[in-house]
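Chains as they are written, first to last, in the working numbering: chain A, 1 to 168; chain B, 1001 to 1416. Notes follow once the structure below has been shown.
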Amino acid sequence: MKIVGRAWRFGDNISTDDIIPGRFFHLRGNIKELARHTFEDLRPEFSKVVRPGDIIVAGKNFGIGSSREHAVHVLKALGISAIIAKSFSRIFFRNAINIGIPAIIADTSRIDEGDVLEVYLDEGIIIDTTKNLKISFKPLPQFIVNILEAGGLIKYVKRYGLNLVRSL
Amino acid sequence: MSMTLAEKLINQKISKEVYAGDIVIVPVDWVIAQDGTAPLAIRQFQKLQVDEIFDNEKIVFFIDHAAPSPRKELSNEHILIRRFAKKFGIKVHDVGDGIIHQVFIEKYATPGDIVVGADSHTCTAGALCAFAAGFGSTDVAVSMAFGSMWLRVPETIEVIIDGLLPEGVYAKDLALAIISKLGSNGASYKALEFKGETIRALSMDSRFTLTNMAVECGAKTALMEVDDVCLKYLTAKGRPIKEQFKADPGASYESSIYVDANDLEPLVAAPHSVDNVKPVTEVQGIEINQAFIGTCTNGRLEDLRVVASILRGKHVKEGVRLLVAPASREVYLNALKEGIIEIIVKAGGTVLPPGCGPCVGVHSGVLGDGEVCISTQNRNFRGRMGNPKSEIYLASPATVTASAIKGRITDPREVK
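In structure tokens, the structure reads:
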């Protein structure tokens, strides 16, 4: 799988409250509407200027806090194609894979906002084409790649059932 | 090979032997979700087009995050939950029953259970030696359909606590001390195993505070061995158990941390992260607008007893709002019987219905611009209580109560 997109740079410990604040709880039934408030407190313009295919790049511990899967659904609704961070909160990582957004653990310290990235999932390579920089990462386990290729856990299970997951 | 408690709980469910790092499919004993996550789980389940759940008696829904509903959009989400539950014969703990984690430990969890919960604080049930972890709505949807779940067997950090908690120091302070040591991602993907003489001496109510906050250092689950205190609790709740689980001597731990309870003092987590832990003496004097006691961390009977013992015969500082939400209907009823509610109301406090209350930033105490709240909840992220322009300090029920009386952050040892 190859992904190409522009980087949006975030720092460490971005919480699910930062991604989609709890005060928009009442909009959770309408992901499209909810997505208009993505990162509203950190970067109020984000949902208006983000483009399909863009990539979130962050520091340590991305997605800490609540289990709200809505934090992934809003990013998906805005067309985010991958999230690259130094580390992820456990629940957010799982949610991202389940919804079909690659969550990649890599050293993001040299990537800047606006850099154009090429991500090669199977090879474990990110090329920052703006800086002509190559960053390696440990490829995701095969069964996770399978879930991503199916378009998320729901589609995966519909196609293959849980039996295939069972044969891990 | 010797096993940690987490390894033991997973191994008893499957036929092959597995250890930390292995990925397994496990059958689940409980699938639970609340009104913030169940509607999405239901929508994801509907996309599966299976139209069958694995076991209606092992799925439970709770309406606690927006209870009662402050807006029509949320009322409609509640309708979705109730309709789905009715169709499949799933139990709903509706408005007023209390917080998912509290009701779950009161009525459902037993040692050895594997619990999939669509809420990050599902790990609370680990004090009853259940392997309980938080997941997103899609994992819950798939678990509802198939009754099993893929897991990576976690490495375990053992947390050994010895000594006696000094006066004015509670389980919450201990939890903050541990988070301060580990950091907000120090236990990511891992299990915590709590042990030591301090743990053995703690009540179940206090133990739940510790396991509840394990996720604040990233832990997947947090476990305690079954002992007499746990057995007594389960028996009193009408759930005596058959099998006890203990870690094997010589089990392999990724690391160990030690805490000497004797050295602890009352602590707070200052804005805007849970690992920004300081002694209360360092932030003493900061004026507050709201004090909140409740949540899955500290809304239990023991907590409310502490509140009442400090509040008795005193009054909340004028201009400060003291909000108290019992964690469940059972806690509320017991607090009523013990006269605790009367003490709180007479002292100028406001009692909220059992539920998450203002901790989720939805209703019942949303902060204004520039306001400061001291709370017994587990998170102080920017905007957590509904306003990014407000500040949240986390502390024990004693510290929050003392602060409500003084109108500023106060060391509970100074209010007798």
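Positions of the beta carbon are idealized from the N, C-alpha and C atoms, including for glycine.
{"Item": "Would you report the Cα separation of residue 39 of chain A and residue 54 of chain A, rounded to the nearest angstrom?", "Value": "14 Å"}
{"Item": "Using a C-beta cutoff of 7 Å, does residue 100 of chain A count as contacting chain B?", "Value": "no"}
{"Item": "Using a Cβ-Cβ cut-off of 7 Å, state whether residue 1189 of chain B counts as contacting chain A.", "Value": "yes"}
{"Item": "Taking only beta-carbon atoms, is residue 1044 of chain B less than 7 Å away from chain A?", "Value": "yes"}
{"Item": "With a cut-off of 7 Å, does the C-beta of residue 26 of chain A fall near any C-beta of chain B?", "Value": "yes"}
{"Item": "Could you give the DSSP three-state label for residue 1135 of chain B: helix, strand or coil?", "Value": "coil"}
{"Item": "Do you know whose CA, among B/1074, B/1040, B/1088, B/1075, lies nearest residue 1055 of chain B's CA?", "Value": "B/1088"}
{"Item": "Taking the CB atoms as reference points, tell me whether residue 114 of chain A and residue 86 of chain A lie closer together than 7 Å.", "Value": "no"}
{"Item": "Less than 7 Å between CB atoms is the rule here; does residue 1022 of chain B satisfy it with respect to chain A?", "Value": "no"}
{"Item": "With a threshold of 7 Å between beta-carbons, can residue 1137 of chain B be considered close to chain A, or not?", "Value": "yes"}
{"Item": "Are the region 1186-1202 of chain B and the region 130-148 of chain A in contact at 8 Å, needing three or more beta carbon pairs?", "Value": "no"}
{"Item": "Less than 7 Å separating the beta-carbons of residue 1031 of chain B and residue 1143 of chain B?", "Value": "yes"}
{"Item": "Any contact between the region 1006-1026 of chain B and the region 1235-1255 of chain B? By contact I mean 3 or more CB pairs, one from each, below 8 Å.", "Value": "yes"}
{"Item": "My guess is that residue 1404 of chain B and residue 1291 of chain B are in contact by the Cβ rule of under 8 Å, so how many angstroms apart are they, rounded?", "Value": "4 Å"}
{"Item": "Any contact between the region 1314-1325 of chain B and the region 1395-1413 of chain B? By contact I mean 3 or more CB pairs, one from each, below 8 Å.", "Value": "yes"}
{"Item": "Alpha helix (DSSP H) containing residue 1084 of chain B: first to last residue?", "Value": "1072-1088"}
{"Item": "Apart from the five residues just before and just after residue 1208 of chain B, which ones in its own chain have a Cβ nearer than 6 Å to its Cβ?", "Value": "1124, 1127"}
{"Item": "State the start and end residues of the unbroken alpha helix (DSSP H) segment that holds residue 1224 of chain B.", "Value": "No alpha helix (DSSP H) contains residue 1224 of chain B, which is instead part of the beta strand (DSSP E) from 1221-1224."}
{"Item": "Check the Cβ of residue 60 of chain A against every Cβ in chain B and list those closer than 8 Å, keeping chain order.", "Value": "1185"}
{"Item": "Nearest-angstrom Cα distance between residue 44 of chain A and residue 65 of chain A?", "Value": "21 Å"}
{"Item": "Under a three-way DSSP split, which group does residue 170 of chain A fall into?", "Value": "Because chain A is modelled from 1 through 168, residue 170 of chain A falls outside the range shown and cannot be assessed."}
{"Item": "Determine the chain B residues that contact residue 151 of chain A at a beta-carbon separation under 9 Å, and present them in chain order.", "Value": "In chain order: nothing, as chain B lies at least about 11 Å away."}
{"Item": "Is residue 1052 of chain B close to chain E? Criterion is C-beta to C-beta, closer than 7 Å.", "Value": "Given the protein chain composition of this structure (A and B), no chain E is represented."}
{"Item": "Nearest-angstrom Cα distance between residue 164 of chain A and residue 1048 of chain B?", "Value": "Caution applies to residue 164 of chain A, whose pLDDT of 48 falls short of 50 and renders its modelled position unreliable; the model cannot decide the point."}
{"Item": "In whole angstroms, give me the CA-to-CA distance for residue 166 of chain A and residue 1281 of chain B.", "Value": "Any reading at residue 166 of chain A must be qualified, since the residue scores a pLDDT of 44, below 50, and its modelled position is unreliable; the value itself is stated next. In a straight line, the C-alpha of residue 166 of chain A is about 53 Å away from that of residue 1281 of chain B."}
{"Item": "Between residue 69 of chain A and chain B, is the shortest Cβ-Cβ distance under 7 Å, so that the two count as touching?", "Value": "yes"}
{"Item": "Report the rounded CA-to-CA distance for residue 1161 of chain B versus residue 1390 of chain B, giving the unit in angstroms.", "Value": "34 Å"}
{"Item": "What residue ranges within the region 1143-1206 of chain B form continuous beta strand (DSSP E) runs of no fewer than 3 residues, ordered along the chain?", "Value": "1148-1152, 1156-1162, 1191-1195"}
{"Item": "Taking the CB atoms as reference points, tell me whether residue 1229 of chain B and residue 1116 of chain B lie closer together than 7 Å.", "Value": "no"}
{"Item": "For residue 1019 of chain B, would you say it is in contact with chain A, using Cβ-to-Cβ distances shorter than 7 Å as the test?", "Value": "no"}
{"Item": "Do three or more CB pairs link the region 1336-1344 of chain B to the region 1099-1113 of chain B at distances below 8 Å?", "Value": "no"}
{"Item": "Can you give the Cα-Cα distance for residue 1413 of chain B and residue 1107 of chain B, rounded to whole angstroms?", "Value": "35 Å"}
{"Item": "Say whether chain A places a C-beta atom closer than 7 Å to the C-beta of residue 1047 of chain B.", "Value": "yes"}
{"Item": "If contact means a Cβ-Cβ distance below 7 Å, which residues of the region 1111-1139 of chain B contact chain A?", "Value": "1118, 1119, 1120, 1134, 1135, 1136, 1137, 1138, 1139"}
{"Item": "Where residue 133 of chain A and residue 1063 of chain B are concerned, what is the direct C-alpha to C-alpha distance, given to the nearest angstrom?", "Value": "50 Å"}
{"Item": "Is residue 1302 of chain B closer than 7 Å to residue 1173 of chain B when the C-beta atoms are compared?", "Value": "no"}
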